[in-house]
Every structure is written in C-alpha cells, then in structure tokens.
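A short write-up of the structure that comes next.
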Amino acid sequence: MRIIFMGTPDFSLAALAQLYAAYDIIAVYTQPSKPAGRGQSERPSPVQVFAEKYNLPVCSPKSLKSAAVQAEFSAWNADVAVVAAYGMLLPSAILDAPRLGCINIHASLLPRWRGPAPIQRAIMEGDSITGITTMQMDAGLDTGEMLLTQSVPINAGTIAGELHDRLADISAALILETLEGLASGALLATPQPLDGVTYAAKVEKIEAHINFDRSSVDVLRHIHGLSPFPGAWFAHQGRRIKVLRAELISTDGSVGMVLDDHLTIACAEGSIRALKVQRPGKAPIDASAFLRGYALPKGTQVA
Numbered sequence: 027m028r029i030i031f032m033g034t035p036d037f038s039l040a041a042l043a044q045l046y047a048a049y050d051i052i053a054v055y056t057q058p059s060k061p062a063g064r065g066q067s068e069r070p071s072p073v074q075v076f077a078e079k080y081n082l083p084v085c086s087p088k089s090l091k092s093a094a095v096q097a098e099f100s101a102w103n104a105d106v107a108v109v110a111a112y113g114m115l116l117p118s119a120i121l122d123a124p125r126l127g128c129i130n131i132h133a134s135l136l137p138r139w140r141g142p143a144p145i146q147r148a149i150m151e152g153d154s155i156t157g158i159t160t161m162q163m164d165a166g167l168d169t170g171e172m173l174l175t176q177s178v179p180i181n182a183g184t185i186a187g188e189l190h191d192r193l194a195d196i197s198a199a200l201i202l203e204t205l206e207g208l209a210s211g212a213l214l215a216t217p218q219p220l221d222g223v224t225y226a227a228k229v230e231k232i233e234a235h236i237n238f239d240r241s242s243v244d245v246l247r248h249i250h251g252l253s254p255f256p257g258a259w260f261a262h263q264g265r266r267i268k269v270l271r272a273e274l275i276s277t278d279g280s281v282g283m284v285l286d287d288h289l290t291i292a293c294a295e296g297s298i299r300a301l302k303v304q305r306p307g308k309a310p311i312d313a314s315a316f317l318r319g320y321a322l323p324k325g326t327q328v329a
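Taking our numbering, I'd label the letters of the sequence shown as residues 27 to 329.
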C-alpha cells in the first residue's frame with residue numbers, strides 16, 4: 027500500500043513509526059519550519075525530523091489550496107493518506123486524490139471534542155473517558171464517518187501530557203488495524219451520531235491563569251488539563267508559578283490562601299495541594315524541593 031503521511035507534532039510520531047515499519051511511505055507532508063527558542067531560528071517539526079532521518083521525501087507547503095500543490099499531491103498516486111495532527115484543513119482535491127481517501131487519527135471519541143485540543147478539553151471538562159477515533163475524512167472539521175475507536179479512562183490524576191503519550195501509542199496500533207480492514211474490504215465506515223457533538227477549541231494562553239474562586243475539583247481539572255503545556259499558573263509577588271500536578275485536599279480556607287507548609291491552596295470549595303511546580307526559566311520540580319528554595323509560608327495570599 028502506497029501511503030502519504032500528513033502530520034506535524036510529537037503526537038504524530040508513534041503512528042508514523044508504525045506505518046514506516048509496515049508499509050511504503052512514499053511522501054511525508056508536514057507544516058513548514060517555524061521560528062522557535064530564544065534565537066528564533068527555524069526549527070523543523072518532529073515529523074520532518076523523523077522523515078529526514080529515514081530519507082523519506084518531505085513536502086512542507088504553506089497551503090494546500092493552490093493547483094500546483096494539489097497536482098503534486100495527486101502525482102504521488104497514493105492508495106491512502108494518513109493524517110495525524112497535521113494542522114491544516116484538506117481541500118476536496120486533496121481528500122479525493124488517494125484511492126482510499128484520507129484517514130484521520132483523532133484524539134477523542136467522536137463526535138465529542140471535534141477540533142484542535144481534544145485531550146486538554148476532555149480533562150478540563152471532567153470527562154471520565156476519551157480515546158482515539160480513526161475516520162474517513164470529509165470537507166468538515168472532524169465530521170467524517172468513523173472507522174475504529176478505542177477508549178481510555180480518565181481519572182483525577184490524569185494529566186494531559188501523559189494522556190497525550192498514551193493516546194499516541196494507541197493510535198499507532200489502531201491505524202494499522204484500520205488500514206488492514208480497508209485493504210481487505212472488511213471495515214465499513216459509520217456516520218457519527220448527531221447527538222453529543224462538542225468542539226475542542228484551541229487552548230489560549232489567557233486560560234492558563236488559575237482561578238481559585240472555582241471549586242477544588244474544577245481547579246484540579248484545569249491544572250491537569252494544561253500540564254505540561256502551557257501550564258496553569260498562579261501569581262506571587264509578580265512571578266508566575268506553574269502548577270503541573272496537584273491533588274485534592276478537603277480543607278477549606280480563604281480563597282487563594284496558602285493553608286500549610288505543603289503548598290495547599292484554598293479554593294472556593296475545598297483546596298488543592300501542589301505536587302509539581304515550575305518557576306519561570308526553571309525546570310519542573312516537586313513542590314517539597316521548590317519550597318526549600320522559595321518561601322510560600324502558611325498565610326501567604328496568591329492570585
């Protein structure tokens with residue numbers, strides 16, 4: 027099977043590696059290199075780094091809308107295109123070019139959490155389950171017919187970074203099963219349910235500020251849904267302290283006040299205890315180690 031792979035971030039790598047081991051990857055499409063780091067030098071995407079390591083042809087068009095780009099895509103004569111967090115909408119000319127169409131790997135149980143941030147939104151909204159869906163792409167945003175799904179539980183200790191990695195690994199196995207079923211004709215697509223549609227909007231930086239006026243359950247979900255990136259934070263003396271992992275504590279107190287010497291902070295209902303934190307420009311560390319070098323004693327007010 028001749029496969030075009032389309033992806034950009036780390037999430038795409040597990041599926042790409044599995045497909046590379048099992049099939050003929052004839053081309054890899056990824057977003058163009060972007061400025062990154064302090065020097066703002068051009069940095070290729072993780073997918074491009076992988077493709078170049080294994081001498082796979084790389085295409086990085088800024089848009090898929092031009093006739094020339096669409097003609098080049100069609101000229102690959104692919105059987106199927108596999109799309110995993112590519113980051114661009116695919117025009118009809120791209121969707122229709124491969125013999126078996128374009129198959130998307132999406133990190134939710136559709137139709138819940140269509141859109142760019144399904145992993146974060148599932149945790150932030152308190153979902154008890156999420157998963158991976160493979161789907162036959164159409165012109166809509168994650169609206170195509172579903173092929174296979176696999177679910178994963180979410181609990182109070184689940185953070186977005188760990189869930190991201192687990193779902194990426196699941197996607198690698200599920201896309202192989204999907205392609206085998208399509209190739210044999212045994213796998214049939216089914217329409218998404220009309221009920222239960224939600225949209226996973228992109229996470230904006232302004233959302234990262236922790237609002238302790240909410241319940242401790244909501245604050246914990248907020249912290250874990252944004253960990254490790256962009257990282258939920260509170261302010262103290264003009265510094266932003268990110269909280270990357272926390273736990274629920276039943277103690278009540280004045281909202282935003284540190285209640286003990288273990289970085290327990292009161293919420294509108296209950297409290298959260300920070301377990302892993304990060305200062306600006308520093309690496310993440312356990313809260314106990316953080317407190318040995320940064321004073322946040324009982325009675326301190328944070329915002």
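Beta carbons are placed, not taken as given, at the ideal position from N, Cα and C, and that holds for glycine.
Is it buried or exposed, residue 70, if we count other Cβ atoms within 10 angstroms and call 16 or more buried?
buried
From residue 88 to residue 234, what does the alpha carbon distance come to, in whole angstroms?
29 Å
Can you tell me which of 272, 261 and 265 puts its alpha carbon nearest to the alpha carbon of residue 252?
272
Taking the alpha carbon of residue 230 as the point to measure from, which residue in 196, 137, 262 and 257 has its own alpha carbon closest?
257
In this structure, does DSSP put residue 135 in helix, strand or coil?
coil
Segment limits, alpha helix (DSSP H) that includes residue 40
39 to 48
Would you mind working out which of 239, 135 and 109 sits nearest residue 224, comparing C-alpha positions?
135
For the beta strand (DSSP E) that contains residue 106, what are its first and last residues?
106 to 110
For residue 227, collect the residues of the same chain with a Cβ closer than 7 Å to its Cβ; drop the 5 residues on either side in sequence, then sort them by chain order.
141 and 143
How should residue 184 be labelled, buried or exposed, when 16 other C-beta atoms within 10 angstroms of its C-beta is the threshold for buried?
buried
Going straight from the alpha carbon of residue 238 to that of residue 312, what length do you get?
21 Å
For residue 106 versus residue 126, is the C-beta spacing smaller than 8 Å?
yes
Quick check on the DSSP output: the beta strand (DSSP E) that includes residue 162 runs from which residue to which?
155 to 162
Which first and last residues belong to the beta strand (DSSP E) in which residue 165 is found?
Segment: none, residue 165 is in no beta strand (DSSP E) and carries neither H nor E.
Could you name the residues that DSSP lists as bridge partners for residue 22?
Absent from the structure is residue 22, since the part of the chain shown begins at 27 and ends at 329.
With the cut-off set at 8 Å, would you say residue 112 and residue 160 are in Cβ contact?
no
Quick one: any contact between the region 201 to 214 and the region 54 to 64, if contact means 3 or more CB pairs under 8 Å?
no
Classify residue 262 as helix, strand or coil using the three-state DSSP reduction.
strand
Nearest to residue 148 by CA position, among 118, 175, 124 and 189, is which residue?
189
Around the C-beta of residue 168, are 16 or more other C-beta atoms found within 10 angstroms, so that it is buried, or is it exposed?
buried
Assuming residue 108 contacts residue 200 (C-beta within less than 8 Å), just tell me the rounded distance between them.
Not quite, the Cβ-Cβ distance comes to about 11 Å (not below 8 Å), so this is no contact.
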